[in-house]
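Novice: Numbering (our numbering), first residue to last: 365 to 818.
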Amino acid sequence: MKRFFLMALPALLLSLAACSARPDKNEFREGEFRQWAPTPPMGWNSWDCYGPTVTEQEVKANADYMAEHLLPYGWEYVVVDIRWFVENDKAGGYNQTDPRYVIDEWGRYLPAENRFPSAAGGKGFGPLADYVHGLGLKFGIHIMRGVPHRAVELRLPVKGAEGITAADIYSEQGRCQWLRDNYTVDASRPGAQEYYNSLMELYASWGVDFIKIDDLSAPVYREREIDMIRRAIDRCGRPIVLSTSPGETPVGSAAHVDANANMWRMVNDVWDLWRDVTHLMEVSRAWTPYIGEGTWPDCDMIPLGRISIRGERGEERDTRLTRDEQYSLMTLFTILRSPLMFGGDLPSCDAFTLGLLTNREVLAMHRGSRNVRYVAYDDRHAVIASEGEGDVRYVALFNLGEETATVQVGADACGAAAGWSACEMWSGEPVGEIGGTVSAELAPHACKLYRLEP
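#1: For A782, count neighbouring C-beta atoms within 10 Å of its own C-beta (all shown protein chains included) and say buried if the count is 16 or more, exposed if not.
#2: Decide if G799 is buried, meaning its Cβ has at least 16 other Cβ atoms within 10 Å, or exposed.
#3: Is the segment 550–562 touching the segment 586–602, taking contact as three or more C-beta pairs under 8 Å?
#4: Starting from the C-beta of M694, find all residues in its chain whose C-beta is less than 6 Å away, skip the five residues before and the five after it, and write them out in chain order.
#5: If you follow the beta strand (DSSP E) that W470 is part of, which residue opens it and which one closes it?
#6: How big is the Cα-Cα spacing for P387 and V418?
#7: Could you check whether the segment 749–765 touches the segment 688–708, counting it as contact only if at least three pairs of C-beta atoms, one from each stretch, sit closer than 8 Å?
#8: With DSSP run on the structure shown, which of helix, strand or coil describes K424?
#9: Among the residues of its own chain, which have a CB less than 7 Å from the CB of S702, if the five just before and after it don't count?
#10: Check each candidate in L520, H513, A525 and A431 and name the one with the smallest Cα separation from I501.
#11: Is it buried or exposed for S609, if we count other Cβ within 10 angstroms and need 16 for buried?
#12: Roughly how far, in whole angstroms, is the beta-carbon of H820 from the beta-carbon of E646, given that I think they are within contact range, below 8 Å?
#13: Could you tell me the distance, in whole angstroms, from the CA atom of M729 to the CA atom of V511?
#14: Three-state secondary structure (DSSP) at T770?
#15: Where does P481 sit, in a helix, a strand or coil, going by DSSP?
#16: Quick check on the DSSP output: what are the complete alpha helix (DSSP H) runs of length 4 or more inside the segment 571–623, in order along the chain?
#17: What are the boundary residues of the beta strand (DSSP E) that M406 is part of?
#18: Once DSSP output is grouped into helix, strand and coil, what is the label at R539?
#19: Hey, out of A777, Q772, R815 and D776, whose CA is closest to A786's CA?
#20: Measure from the alpha carbon of A568 to the alpha carbon of each residue in I604, N546, E391 and K576, then state which is nearest.
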């Protein structure tokens, strides 16, 4: 108990200094957040590699690699995922037996110094964010929705709400079922909005550019907490991209999430299993009308390369997806214009994996296409089309079955016509003129991605 009081005052002073230093403390206008992610965010997230145990040195190593090898291709976010505030978490799950939390006097989590040494003295993630920014990159963190149960037990005050403590704003109703760190923040209670305001003020003072907030979409869509989060970000004075997690986000809440978040998960965690890819394809069909204008349905992290070094699922390994399946996953993510958050350990990337992340033609489609739509779909095959600059058209053909098969689609369904030329985008190989159909013979779980133009 001595620890959190010693750390609290420096963190408070740092937060107040940063807030007072902002030249403009006016709230952002309603909907202005759409300008903060004009193209789908691209970056690295620590979850698939390190679960809740990532360290500062590992974050820096991945940031260094991104700056050197991926920044020229548009990759820019470095995101520290779950439970960075627990000193003694573990791989293969979560330590929910005797977690040692680091928390300030306002009931807000701080980075565990044994894992993030630069946070010492109440500096929080400020020094690590400065390091990432110094590389020309952007910095992000993950949090769970709600207020820490430890803050409730200690009746810690809510910053900005005189006379109100964490015990006055919490509810056990709707508490996260799979991680018991926090209680729900009851939006109807005085001080609830101020608590979320205090969180975003703190993160803005650290220089956070991106925040992934968990347990917002499933099994229940948390509309009132999302509303509080949106207001808190908009008043903090820093444009922080908001990602809600995990899915499946209910399609019935599409209008609300599209009006409040820059990205939202369509499904639960996607791991290196073919069934996760096909399930994502099935669910994503309903979300194509919401792609674009600064808000992005999210396919989840990219489980490729070296993963689960200290992860939640399985032993350390290279992705279990075959090369054909990896092409299919990346084709699906990019033609759907999903945010791209690589989950593998970047310094361990081999040439094949790096090639999947740095194909300029594919990434240009990802950034700049429009009118994304499923042209065909069943349990054996899928066809997705979109439009590029001018007369350029894109079409992806997928064989979802277990046998080699010819997958084809009418050229007119893709906005093309007989006599147009085709190029396979992953290989860069020209295919020549197409007839009345676009077709390919595909091995099981394989795909082709074509650029079509007159």
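The beta carbon of each residue, even a glycine, is placed where N, CA and C say it ideally should be. Here the structure is a predicted model, which is why all the values come from computation and not from measurement.
Specialist: If we stick to the structure as given:
#1: exposed
#2: exposed
#3: yes
#4: L720
#5: Element bounds for W470: n/a, residue is neither H nor E.
#6: Unreliable placement is indicated for P387, whose pLDDT of 37 sits below 50; the coordinate value is still reported in the next sentence. Rounded to whole angstroms, the gap between the alpha carbons of P387 and V418 is 34 Å.
#7: Three or more Cβ pairs drawn from the segment 749–765 and the segment 688–708 lie within less than 8 Å of each other, which places the two stretches in contact.
#8: helix
#9: P404, W660, P661, D662 and C663
#10: Residue 501 is actually Leu in this sequence, not Ile. Answer by Cα proximity: A431.
#11: buried
#12: Given that the chain is displayed from residue 365 to residue 818, the structure contains no residue 820 and the question cannot be resolved.
#13: 41 Å
#14: strand
#15: The answer is helix: DSSP assigns P481 an H, G or I state.
#16: 587–599 and 618–622
#17: M406 to N409
#18: coil
#19: R815
#20: Checking every option, the nearest Cα to that of A568 belongs to I604.
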